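Just so we're aligned: 146 in our numbering is position 154 of the sequence shown, and the numbers increase by one with no gaps anywhere.
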Amino acid sequence: GAEQAPAGRAPDVVPDPRERRFSIERDVLKLALQYPGVSATPFKDIEPDDFTHPWYREIFEAIVDLGGPESAGRERVLAALPTGGSATTVSALSVEGLHVTGEVDGRVATEYAVRLRELAARRRIEQLKSRLQRMNPVTQASDYNRMFGELVALESHRRALREQAIASDV
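Written out as structure tokens, the structure is:
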């Protein structure tokens, strides 16, 4: 289908800039490309799995492979990506405006990074809950208890991220 792509390559499905479910991912990458100095530190806490769109993940990984936002730069990121959609997306992300009132600073970059990480934690929690619901806690006690422990830790992590997001007004 449309989501399949050769190994190691993102599918050729252009991410719609208006699609809300990808807006935080898109904004985090805009910050990295347009404001590398303020986004470098919060960018370090982000992981590839925090991105749900394969092109955004591919762009993120290219930035990380190049040493992070401060050393990556638009031209180097473009050179690191295969030609096509993800490269076109980098060009768009490099010039699109951010919906931010006031100056873009480290606080803003941190807010976006925290929000992205919180959304990723929520997705992981839902996946874990789904797996736990399909398990038998009696016959699979060891696996169930291990996964339940992971769930408790993830819930705690998500709450901490949420509190951080609320404190910084995300």
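Here a beta-carbon is modelled for each residue, glycine too, at the ideal position from N, C-alpha and C.
Keep in mind the model is a prediction, meaning the values are calculated, not measured.
Between which two residues does the alpha helix (DSSP H) carrying Lys121 extend?
Run containing Lys121: 98 to 125, per the alpha helix (DSSP H) assignment.
Please determine, among Arg116, Leu25, Phe35, the residue with the shortest C-alpha to C-alpha distance to Arg68.
Looking at the Cα atoms, Leu25 is the closest of the given residues.
Apply the 10 Å Cβ neighbour rule to Leu21 and answer buried if 16 or more other Cβ atoms are within range, or exposed otherwise.
With 16 or more Cβ atoms within 10 Å of its Cβ, Leu21 is classed as buried.
Go to Leu90, then tell me how far its alpha helix (DSSP H) extends in each direction, as first and last residue.
Segment: none, Leu90 is in no alpha helix (DSSP H) and carries neither H nor E.
For the candidate residues Leu73, Ser78, Thr102, Arg66, whose alpha-carbon lies nearest to that of Ser86?
Ranking Leu73, Ser78, Thr102, Arg66 by Cα distance to Ser86 puts Arg66 first.
Suppose contacts are defined by Cβ-Cβ distances below 7 Å. Is Phe43 in contact with Pro61 by that definition?
No.
Output the distance between the C-alpha atoms of Arg49 and Asp41, rounded to the nearest integer angstrom.
Taking the straight line from one Cα to the other gives about 7 Å.
Since Leu108 and Glu17 are thought to touch, with beta carbons under 8 Å apart, how far apart are those beta carbons, to the nearest angstrom?
With 8 Å as the limit, Leu108 and Glu17 qualify as a contact, their Cβ atoms being about 6 Å apart.
Is the beta carbon of Val106 less than 7 Å from the beta carbon of Leu153?
Their beta carbons are under 7 Å apart, which means Val106 touches Leu153 by this criterion.
For His45, which residues in the same chain have their Cβ closer than 7 Å to its Cβ, ignoring the five residues on either side in sequence?
Result list for His45: Pro7, Phe14, Glu17, in chain order.
Report yes if the C-beta distance between Ile51 and Val82 is below 7 Å; otherwise report no.
In contact: Ile51 and Val82 (Cβ atoms closer than 7 Å).
On the premise that Glu103 lies in contact with Ala32, defined as a C-beta separation below 8 Å, what is that separation, rounded to the nearest angstrom?
In fact, because the Cβ distance is near 15 Å, the residues do not count as touching under 8 Å.
Helix or strand or just coil, what does DSSP make of Pro34?
Three-state DSSP puts Pro34 in a helix.
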